[in-house]
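Be aware that the sequence shown starts at 17, since it is given in the working numbering, and climbs by one per residue.
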Amino acid sequence: MSMNKPMPAYTEISRPFWSALKEGKIVIPHCTACGHWIFYPRRHCNRCFSHAVEWREVSGAGQVYSYTIARIPTLPDFADEMPQKLAVVELDEGVRINTTLVGLAEDEIRVGMRVKPVFDTVRKDGTTLLRFTAADKDMATRIDSSPEAAVAASEACTTLARPRRQVRFDDEAAMKALVSDEYSEWSSQVLVDQALIDEFVKLSGDDYWIHTDPDRAAKQSPFGGTIAHGALVQILQSRLRMPLGFEVVGFNNMVNYGSDRLRFPAPVPAGSRIHARARVKAVERLAKGMQLTLEVTTHVVGNERPSVINELVILYM
């Protein structure tokens, strides 16, 4: 999840609604003069125009009024959520809320189906969005889809990866048998947030505003916010746990010989999660040892286009 996604902008009028979501509650303005429920939040009743309005908690029970399946992200930052199940839910109090359905297959959704609320924490600071799922669905009331939680989940899955096959570096036939057009499964994930980018700036000295100034980047950058340095994303490949399925053994020294090809086809917005996959592109016996070329492609989670393509050359001796 990218930090460049639009997030709720709290105002004096709407703050009670967003604050309640953090606590796992739904509160909606109610007119004490005529009994009308009001949404979106306003200072006055949109039926009788009275200012006798107070916030009241509701259960969140309701039904799907309308829905659609979005398969193309409205912004690149939503690529990790595709396809989105966007809906208008009508609460039992009569108000309608734009939302996203979760925990449902596309063929399970229908107009008129009963739904219940799901409180989704999307930021480390507790920012919570209101989602809905089927009323009869066995799903937690509170979920955490923040970038930090997603990274932790990917780490846990990678830790449980199957054992790797051992291949001796001097077994030329076995090493060449690793060459493939097929990429590995996805690696673990790393969160590339602004704090990490700022640390890289201190190390590299590359303080160009498109990396360091979120306010200016939001106004002037074609990417809608700050982005990570390509070199930073390349370096982060070392932190990714790659499920290659094999392990080269038997060598005395392993030398990173550089890259045959290094490209940065797509940006990594601040707050994005990245992961990678790889394939053995070539193996060659040299006088000094066995040389392996590993093509690693690093992507923002959800993006088909890679952010970094690195043909890493490794010499086993």
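By construction, the Cβ of each residue, glycine as well, lies at the ideal position given by its N, Cα and C atoms. Being a predicted model, the structure only gives us computed values, none of them experimental.
Looking at residue 316: is its Cβ nearer than 8 Å to the Cβ of residue 273? As a position in the sequence shown, residue 316 is number 300, starting the count at 1. As a position in the sequence shown, residue 273 is number 257, starting the count at 1. Taking 8 Å as the Cβ cut-off, residue 316 and residue 273 do not qualify as a contacting pair.
Provide the residue span of the beta strand (DSSP E) that contains residue 71, from first to last. The sequence position of residue 71 within the sequence shown is 55, counting from 1. Run containing residue 71: 69 to 74, per the beta strand (DSSP E) assignment.
Among the residues of its own chain, which have a CB less than 7 Å from the CB of residue 198, if the five just before and after it don't count? Position 182 of the sequence shown holds residue 198. Excluding positions up to five away in sequence, the list reads 295.
Residue 290 beta carbon less than 8 Å from that of residue 205: Taking the sequence shown and counting its residues from 1, one reaches residue 205 at position 189. Taking the sequence shown and counting its residues from 1, one reaches residue 290 at position 274. In this structure, residue 290 lies closer than 8 Å to residue 205 by Cβ.
Which complete beta strand (DSSP E) runs does the stretch 193 to 222 hold, if anything under 3 residues is left out? 206 to 208
Would residue 102 and residue 83 be called neighbours here (beta carbons separated by less than 8 Å)? Along the sequence shown, one-based indexing puts residue 102 at 86. Along the sequence shown, one-based indexing puts residue 83 at 67. In contact: residue 102 and residue 83 (Cβ atoms closer than 8 Å).
Same chain, Cβ closer than 7 Å to residue 13, neighbours up to 5 away in sequence not counted: Residue 13 is absent from the model: the chain starts at 17 and stops at 333.
Outcome for residue 172 when other beta-carbon atoms lying within 10 angstroms are tallied against a minimum of 16: Here residue 172 refers to the residue found at position 156 when the sequence shown is read from its first residue. It counts as exposed.
Kindly identify the DSSP beta-bridge partner or partners of residue 83. As a first step, residue 83 must be located in the sequence shown, where it is residue number 67. According to DSSP, residue 83 bridges with 103.
Delimiting residues of the alpha helix (DSSP H) encompassing residue 21: The residue labelled residue 21 in the question sits at position 5 within the sequence shown. Element bounds for residue 21: n/a, residue is neither H nor E.
Do residue 229 and residue 287 have their C-beta atoms closer together than 8 Å? Numbered from 1 along the sequence shown, position 213 holds the residue referred to as residue 229. Numbered from 1 along the sequence shown, position 271 holds the residue referred to as residue 287. No, the pair does not count as a contact, with Cβ atoms beyond the cut-off.
In angstroms with no decimal places, state the Cα-to-Cα distance between residue 126 and residue 147. Walking along the sequence shown from the start, residue 126 turns up at place 110. Walking along the sequence shown from the start, residue 147 turns up at place 131. Looking at the two C-alpha atoms, the distance is approximately 16 Å.
Helix or strand or just coil, what does DSSP make of residue 170? By 1-based counting over the sequence shown, the position of residue 170 is 154. Note: residue 170 maps to helix in three-state DSSP.
What does DSSP give as the partner residues of residue 310 in its beta bridges? The sequence position of residue 310 within the sequence shown is 294, counting from 1. Beta-bridge pairing links residue 310 to 296 and 328.
I'd like to know if the stretch 29 to 49 and the stretch 73 to 89 are in contact, where contact means that at least 3 CB-CB pairs between them fall below 8 Å. Flag = yes, the stretch 29 to 49 and the stretch 73 to 89 touch.
Residue range of the unbroken beta strand (DSSP E) whose run includes residue 36: Indexing the sequence shown from 1 puts residue 36 at position 20. Counting along the chain, residue 36 falls outside any beta strand (DSSP E), though it belongs to the alpha helix (DSSP H) covering 31 to 38.
Could you check what DSSP says for residue 321 in three-state terms: helix, strand or coil? Within the sequence shown, residue 321 is the residue found at index 305, counting from 1. In this structure, DSSP gives residue 321 a state outside helix and strand, which the three-state scheme calls coil.
C-alpha gap between residue 58 and residue 29, whole angstroms: As a position in the sequence shown, residue 58 is number 42, starting the count at 1. As a position in the sequence shown, residue 29 is number 13, starting the count at 1. Just so you know, the alpha carbons of residue 58 and residue 29 end up roughly 6 Å apart.
Applying the 10 Å Cβ sphere with the 16-neighbour rule, what's the burial state of residue 157? Your numbering for residue 157 matches position 141 in the sequence shown. By the C-beta density criterion, residue 157 is exposed, having fewer than 16 other C-beta atoms within 10 angstroms.
Pick from 61, 150 and 143 that is closest to residue 130, judged by C-alpha positions: Indexing the sequence shown from 1 puts residue 130 at position 114. Measuring from the Cα of residue 130, the nearest candidate turns out to be 150.
Within 10 angstroms of its Cβ, does residue 78 collect 16 or more other Cβ (buried), or is it exposed? Looking up residue 78 in the sequence shown gives position 62. Looking at its Cβ environment, which holds 16 or more other Cβ atoms inside 10 Å, residue 78 is buried.
Where residue 275 falls: helix, strand or coil (DSSP): Taking the first residue of the sequence shown as 1, we reach residue 275 at position 259. Of the three classes helix, strand and coil, the one that applies to residue 275 here is strand, per DSSP.
Any idea which residues DSSP pairs residue 162 with across the strands? In the sequence shown, residue 162 corresponds to position 146, counting from 1. Looking at the DSSP assignment, residue 162 forms no beta bridge with any residue, so it has no partner.
Along the chain, where does the beta strand (DSSP E) containing residue 46 start, and where does it finish? Within the sequence shown, numbered from 1, the residue matching residue 46 stands at position 30. Residue 46 -> beta strand (DSSP E) spans 42 to 47.
What is the residue span of the alpha helix (DSSP H) that residue 284 lies within? Reading the sequence shown from its first residue, position 268 is the one you call residue 284. Where residue 284 is concerned, there is no enclosing alpha helix (DSSP H), given that its DSSP letter is neither H nor E.
Going straight from the alpha carbon of residue 86 to that of residue 56, what length do you get? Walking along the sequence shown from the start, residue 86 turns up at place 70. Walking along the sequence shown from the start, residue 56 turns up at place 40. Each residue's Cα considered, the two are about 23 Å apart.
Please list, in chain order, all residues of the same chain as residue 145 whose beta carbon is under 6 Å from its beta carbon, the five residues on each side excluded. The count along the sequence shown starts at 1 and reaches residue 145 at position 129. Once the five neighbours on either side are set aside, the close Cβ partners of residue 145 are 136 and 138.
Near residue 36, which residues of its chain fall below 6 Å by C-beta distance, leaving aside the five closest residues on each side in sequence? Locating residue 36 in the sequence shown gives position 20, where the first residue counts as 1. Within the same chain, residue 36 has close Cβ partners 43.
Taking the runs of the alpha helix (DSSP H) that are 4 residues or longer, which of them lie wholly in the stretch 232 to 270? 246 to 251
Segment contact, 8 Å Cβ cut-off, at least three pairs: the stretch 187 to 201 with the stretch 258 to 265: yes
Measuring alpha carbon to alpha carbon, tell me which residue in 264, 320 and 333 is nearest residue 310. The count along the sequence shown starts at 1 and reaches residue 310 at position 294. For residue 310, the closest alpha carbon among the candidates 264, 320 and 333 is that of 264.
Mapping DSSP to helix, strand and coil, what is residue 228? What you label residue 228 is simply residue 212 of the sequence shown in a count that begins at 1. Helix, per DSSP.
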